[in-house]
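Asker: Before anything else, here's the structure in question.
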Amino acid sequence: MSGKPLGLVFFPAFDWAISPTHPEREERLLYTRDQIVEEGLLDMDTIREYKPRLALREDLERVHVCVPNIMSLITDAHRVSAGGAITAAEAVMRGETARSFALVRPPGHHAMRVVHGTRGFCTINIEAIMIEYLRRHYGIGRVAVVDTDVHHGDGTQDIFYHDPDTLFISFHQDGRTLYPGSGFTNEMGSPPAFGSTINLPLPPGTNDEGLHTILDELILPVLADFQPDLIINSAGQDNHYSDPLANMAITAQGYARLADKLKADIAVLEGGYSIEDALPYVNVGIILAMAGMDYSKVIEPDIANSVRHQADSTTAYIRNLIADRRAVWNARDSLQKEAIQKAGNLWRRQKGIYYDDSGIQERQTESVHICPHCRGYLTIATEAQGGRFACQSAFIAVSWRDSCGRCRAAARDEVMQAKKQRQYQHYFLQDLYQDTLEKI
Amino acid sequence: MWLGIDVGGTFTDAVVIANGEILAQAKAPTTHTDLLSGILAAVDLVMHGMVCSGVERVALSTTIVTNAVVQGKTDTVGLLLLPGPGVNLNKMLPELPITLAGYVDHRGRETSLPDEKEVIKACEQLQDRSALAVVGKFAVRNPRQELQVARWVKEQLPGRHVTAGSSISGALNFWRRTNSAYYNSAVHRHFGEFSTAITTALQQRQITAPVFVLKADGGTLPLVVAEQNPVETIFTGPAASVLGIMAMTAPSGETVSLDVGGTTTDIALWQDGLPLFASRGARINGFPTAVRAFWMRSVGIGGDSFVRWEGEQIKVGPMRLGPAMALGGEYPTVSDALIVAGHVHFGDRAAAMKAMEKLTRNGGSSENTAALVLEAAATIIHQEIDAMILEQAAEPVYKVDDIINGRPIAPELLIGVGGAAPGLAPLVAKIRGIDYQTPPGAMVANAVGAAVARPTTEVTLRADTSQGIYTVAELGLRQKLTKRSLTPTDVRDLARQHLRERAVQSGINFETAEVVYEEEFNLVRGFSTIGKILTCRLQVKPGVLRAICGKEGVL
Ligand SMILES: [Zn+2]
Ligand SMILES: [Zn+2]
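Heads up: the protein sequence lines correspond to chains D and S, in order. Going by the working numbering, the letters in the first sequence line up with residues -19 to 420, in that order. Going by the working numbering, the letters in the second sequence line up with residues 36 to 590, in that order.
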C-alpha cells in the first residue's frame, strides 16, 4: 500500500429516477448506502469521501454531440454523475488518493458519441467524459478501460473505436443472449485503432473461476503489454448471480478479487440491479479491495443460492477465447497494416442504434478519413426516428486532438459542404484540438 | 434558583442563576485526581450565604469520563460482536472481539441465528472482565439478536454491566457503535461511583434538586439516565461553551462564534440558532465513536499568543511563551496589544506599552504597532472561518437538489466571548464586513451553558411497510405495523408517540420535539411498487431553557 487513501465519490442520487419503477430509480443505491455507512467505511483513514463537482457543458461536449442540443437531453443528475467521475479522477491526479471509486449514478457506458436520447439507462458516457477531461487538463495519454459490467459497453466502445491510445476491453454476457446485442470478438477498432478494442463475450453461467481465468491469462497480460498511463474500471455489478437482468454467476468475492488484481486507478460504477442481494456486498468488496483492506469476509448471506458449478462447455469456450484473442493481440501490428491497406483512405460503417429508454431508432454512417500523417478525422451522418423530437438528422465532423492541420481543415470543409446541400437538420463540428463543439 | 457547574482544565466554575440573571459565581481549582472535591469547593463558594434548599436544578458539565479514559481508570471490557459479512474490524477496535454467529441484514431480516452454546463458551473466556459490550451489525434495524445475546451474557456473567450497541445510538455505523459500547462499559462503574458520591454530597448540603449531566451534543440527561449511557457525557467543554453563548445572545440565522481564550480561539458556525454538529462522531483514544458533538475548530490565537517579527511580517501565535508583559511576562503578547489599543484594562499598561515599543519598526507609534498586531491576529481567525465554511460546503450530499441548490454558509453576525474577544471580535467582523456582539458575562459562559441546557432525547423510527414492521432502535423495539400503507405524517405521529414514552420515562419535556431527519423510499420489485421504507428521527433538540442576561455589574 502506498499509504494514501482510496478516494470515494458516493452519489446515490436519492431524488432521481428514469421513471418510478425503472431499475434506475431512487432506491437503487439505498441498501448500498446502508451497508457502507453501517460498516463505518466513510470513517476509515484508508478511505476519503469526496463530494462530486458539477460537470460543465464543455466537459460533456468534449465527448458528445447531442442532437438537437445537450440541455434538452440531460438532467442535472447526469452532470453530477459525470462530475463525480471527474472528482474521483482528479483526486488521483492531484496525488491525494492512491486510487478512486466513483460510486455514482446515473450510469453511462451505453452512451455513444452521438446522443439522441437515453439508451440502456445511459444518456452521457461518464467514463469517456472523465478520460477526455484528464487528457485535456492533465496531459494523460494512454488509457485502458476495462468494462466489467454484464452488458457490452457499446457506448464506450463507440467513442474510442477510432482511438489507438485508448484500449477498451469488455467482458460481458454474450450479445446473442443479452442487451445491447453487440460486443462480438470481430469488433476490434477501426483501422487507425485496430486491436485497441477487445471484446470477450461470455456464456451465461460463467462463474468466478471462468472470470478469473480470463483475467489472469488474457486481460492482465494485455494490460501489461499496453502500458497505459491509467487503468479505468467501468465497474458494473450485474454479472452477480442474483442480478435480475442477466444470467451470470459471479460473487462479491469474485468482484473484490477482480478489483484487487486489476488495480484500476479509477473505478466508475455502471450497472448492477440486484439492489438488495448483490450491490451492498459487491460495493463493499470493491471498496475494501481498492483501499488495500481485508475483503475476505465480504460474503453474501444467501451465497448458498449461488450457482457454483460452471458448465464444462463454458470452461472449454473460455480456453479457446483466450487463445484466439491472445493470437490477435500478438499479431495486432501486422493485422492493423493489412486493415489500413484494405481500407485505403476511407473506412466506412453503418449502424442501427436503438434507444430503449427513449423509443428512438437511429441510423448512422461513420466515415473514418485515414491520413498518412495523423489519425485522420471522422464524419458521422445520423438520422433518428421516434421519441420526443420525432425526427432528427445531423451531419457531424470530428477532428482529434492530434489531427494534422490538413485533416482539421478537411473536417470543417466537409460540414460546410454538407450544410450547403441541406440534407440534414443540424450540422456540428467537434474540433478536439481547439476543444470546441461548433454548431454550423 | 439553578446551579450550573463546569469542570474545566484549570478551574471548576459554578454559577447560580435566578430569573434569567447570574446571582453568583465562583471558581475553585479543578482537582483532576478527585474531581468531586473541586466541584464541592466551587459549590460551597457559590452557595455561600444562599439557601441551599432553594436550588431547583443542578446541571453539571464534567470531565469525569474524559479523565477516566485518560487516567486509565477504566474497567476491562469483554467485546462480543455479531458482525456477519463485511469489514474485518478485529484490528480496528480497542479490544480484540469475540466473533459470534448470527446476522441481521440491512432490512433487519435475520439471515442466520445466534447460538447460545457459543455465547456460553465465549463467556467462559471472559470471566476476568468487569464489564461487557454486545454489538450486532444492523441491530438498529432489528435489535432482537443483540438483546438476546446480551441477556445470555447477563445470565452467564451476573452482576456485570452489559452495554448493547443499539441502546447507544439509533444511527447506522456498526464500527462507531462498537467503540461507543466498549467505552460505555469501560467507564460505567467509575461514572456510577461519581454519580453516587455527588448525589450524597449534595444531599448533605440540603440540595435535593434533580441533577442533570451535560452531553457532548449539548443536551442534558438526568443523572440516573446518564448512569446507563455515561459515554455520552464525554467532551462536554465545547457544548457548554456554545450553550453559554446561546443563553446570552440567542443568535438566529447564520452566525459565527468565537471563544477567545489564553492560547486558542474556538470557532463554531451556527444555523437557525444552533451550532452545526460535527458530521462524524467524536474519537475516544483515537477510536471513532457514535458520540455526537458540536463542530468546533481551534486556531492558535489567544490573549497569551506570542508576537514577533519574521522577516517583513508580524507573526502572532500559535505558541505561548508566557503571560503578557503587562502581567510580568517577558515577551509581547496579543493581550499587550489589546491593552495598548484600549480594548481591555488589566495589568501594567506601561509594561504593555513597552511590549509594543519592542515591536515597533521605522519609528511608528506603539498604538500603530498594537493595531498591526491585532490586525494580524484577526486575519488568522478570519482565514480559519473561511476554511471552515469551505469544509462545510465540501460535505458530501446524496441528492441532486442538494448539489444544485446547496450554498455555503454565509455568517451575518459574529459573536465573541472570552477575555480577548472585545478587542478581536470587532476586527474579525470588520474584515468580514458583518455585525458583531460581545455579550457581557462571557467569563462564566460554560457554567451558564450547563445551568440552562435543555434535557434532550430522540428516537429513530424506521417503518418497512412491505415487511409490515417498524423499529425504534433507541428503545430496542421492533413491532408490527397496524396499517398497510403509511404516509410521512403517520410515521411522524408514531415517532412522536414513542418519543413521548421515552421522554416521560426520563422526566423530559417533549413538547419542543422536531423532525431532524426524514427519508422516504418506494420499494419496487419486478416493476411494481410493493411498499415503502420511511425513516423519521425526532429529537428534542439541544438548546437553552431560558435566556440569561450576563449583567456587567454583577460580575
Ligand atoms: Zn449492465
Ligand atoms: Zn491528417
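Here a beta-carbon is modelled for each residue, glycine too, at the ideal position from N, C-alpha and C. For clarity, every value in this text was computed on a predicted model and none was experimentally measured.
Determine, for M127 of chain S, whether the minimum Cβ-Cβ distance to residues of chain D falls below 9 Å.
Answerer: Judged by the 9 Å Cβ criterion, M127 of chain S is in contact with chain D.
Asker: Tell me whether E107 of chain D, by its Cβ, gets closer than 8 Å to a heavy atom of ligand 1.
Answerer: No, the Cβ of E107 of chain D stays beyond 8 Å of every heavy atom of ligand 1.
Asker: Between the Cα of I302 of chain D and those of D:N263, D:L191, D:A258, spot the shortest distance and give me the residue it belongs to.
Answerer: Nearest C-alpha to I302 of chain D: D:L191.
Asker: Residues of chain D with a CB under 9 Å from the CB of M433 of chain S: which are they?
Answerer: Sequence inspection shows Tyr at residue 433 of chain S; the Met mentioned does not correspond to that position. Correct list: F(-10), F(-9), P(-8), A(-7), F(-6), D(-5), L9, R13.
Asker: Within 10 Å of its beta-carbon, does L573 of chain S have 16 or more other beta-carbons around it, so buried, or fewer, so exposed?
Answerer: When all chains shown are included, L573 of chain S counts as buried.
Asker: So does the stretch 46 to 55 of chain D actually touch the stretch 241 to 250 of chain D, counting three or more Cβ pairs closer than 8 Å?
Answerer: The answer is no - the stretch 241 to 250 of chain D does not touch the stretch 46 to 55 of chain D, with fewer than three Cβ pairs under 8 Å.
Asker: Is V130 of chain D near ligand 1, with its Cβ less than 8 Å from a heavy atom?
Answerer: Yes, the Cβ of V130 of chain D comes within 8 Å of a heavy atom of ligand 1.
Asker: Taking 8 Å as the cut-off, is the beta-carbon of A226 of chain D closer than that to any non-hydrogen atom of ligand 1?
Answerer: Flag set: Cβ of A226 of chain D near ligand 1.
Asker: Between the C-alpha atoms of R74 of chain D and P32 of chain D, what's the straight-line distance to the nearest angstrom?
Answerer: C-alpha separation (whole angstroms): 15 Å.
Asker: Is Y413 of chain D a contact residue of ligand 2, with contact defined as CB to any heavy atom under 8 Å?
Answerer: No, the Cβ of Y413 of chain D stays beyond 8 Å of every heavy atom of ligand 2.
Asker: Secondary structure at H90 of chain D, three-state DSSP: helix, strand or coil?
Answerer: Here H90 of chain D sits in coil by DSSP.
Asker: How far does the alpha helix (DSSP H) with T136 of chain D in it extend, from its first residue to its last?
Answerer: That run of the alpha helix (DSSP H) goes 134 to 139.
Asker: Answer yes or no: the CB of G252 of chain D versus the heavy atoms of ligand 1, is any distance below 8 Å?
Answerer: Result yes, Cβ under 8 Å from ligand 1.
Asker: Using the Cα positions of R159 of chain S and R142 of chain S, report the straight-line distance between them to the nearest angstrom.
Answerer: One point to set straight first is that residue 159 of chain S is Glu, not Arg, in the sequence displayed. Computed Cα separation, rounded: 33 Å.
Asker: Less than 9 Å between CB atoms is the rule here; does E4 of chain D satisfy it with respect to chain S?
Answerer: No, E4 of chain D does not count as interfacial toward chain S.
Asker: Any residues whose CB sits closer than 5 Å to a heavy atom of ligand 2? List them in chain order?
Answerer: Counting every residue whose Cβ lies closer than 5 Å to a heavy atom of ligand 2, we get D:C351, D:H353, D:C354, D:C384, D:C387.
Asker: Going by the C-beta, is G216 of chain D closer than 8 Å to any heavy atom of ligand 3?
Answerer: By its list of ligands, the structure shown excludes ligand 3, since it contains just ligand 1 and ligand 2.
Asker: Could you name the residues that DSSP lists as bridge partners for W380 of chain D?
Answerer: Answer by DSSP bridge pairing: none, since W380 of chain D is not bridged.
Asker: Just verifying my parser: in three-state terms, what is the DSSP assignment at H349 of chain D?
Answerer: In this structure, H349 of chain D counts as strand in the three-state DSSP scheme.
Asker: So the beta strand (DSSP E) P257 of chain S belongs to, where does it begin and stop?
Answerer: Note, P257 of chain S: beta strand (DSSP E), 255 to 257.
Asker: Is any beta-carbon of chain S found at less than 9 Å from that of G251 of chain D?
Answerer: It does not: the Cβ of G251 of chain D has no partner Cβ on chain S nearer than 9 Å.
Asker: Does ligand 1 have even one heavy atom less than 8 Å from the beta-carbon of G161 of chain D?
Answerer: G161 of chain D: no, Cβ never under 8 Å from ligand 1.
Asker: Kindly list the residues whose CB is nearer than 6 Å to the CB of K108 of chain S, restricted to its own chain and excluding five residues on each side of it in sequence; keep chain order.
Answerer: Hits under 6 Å: H225.
Asker: Which stretch, first to last residue, makes up the beta strand (DSSP E) that contains D424 of chain D?
Answerer: The requested residue 424 of chain D is not part of the displayed model; chain D covers only -19 to 420.
Asker: How about V575 of chain S and P490 of chain S: are their beta carbons less than 9 Å apart?
Answerer: Yes.
Asker: Are L(-12) of chain D and F81 of chain D close, meaning C-beta to C-beta below 9 Å?
Answerer: Yes, the Cβ-Cβ distance between L(-12) of chain D and F81 of chain D is below 9 Å.
Asker: Scan the stretch 327 to 359 of chain D for residues whose Cβ lies nearer than 8 Å to a Cβ of chain S and list them as they occur along the chain.
Answerer: Cβ contacts with chain S: none found.
Asker: Below 9 Å between beta carbons: does that hold for G73 of chain S and V42 of chain S?
Answerer: Closer than 9 Å, so yes.
Asker: So is V591 of chain S buried or exposed if we call it buried at 16+ other beta carbons inside 10 Å?
Answerer: A question about residue 591 of chain S goes unanswered here, because the residues of chain S that appear run from 36 up to 590.
Asker: Ligand 1 and G100 of chain D: does the residue's C-beta get closer than 8 Å to at least one heavy atom of that ligand?
Answerer: Yes.
Asker: Answer yes or no: do E289 of chain S and L278 of chain S have a C-beta to C-beta separation smaller than 9 Å?
Answerer: For E289 of chain S and L278 of chain S, no; Cβs fall outside 9 Å.
Asker: Mapping DSSP to helix, strand and coil, what is S293 of chain D?
Answerer: If DSSP states are grouped into helix, strand and coil, S293 of chain D belongs with the helices.
Asker: Out of S:L249, S:G171, S:D163, which one is the CA nearest neighbour of P149 of chain S?
Answerer: Taking only the C-alpha atoms, the option nearest P149 of chain S is S:G171.
Asker: Hey, how far is the Cα of Y11 of chain D from the Cα of A258 of chain D?
Answerer: Spanning the two alpha carbons is a distance of roughly 10 Å.
Asker: Quick check on DSSP: helix, strand or coil for S292 of chain S?
Answerer: Reduced to three states, the DSSP call for S292 of chain S is strand.
Asker: Determine the direct distance from the alpha carbon of T284 of chain S to that of A456 of chain S, and round the result to whole angstroms.
Answerer: Answer to the nearest angstrom: the Cα atoms are 14 Å apart.
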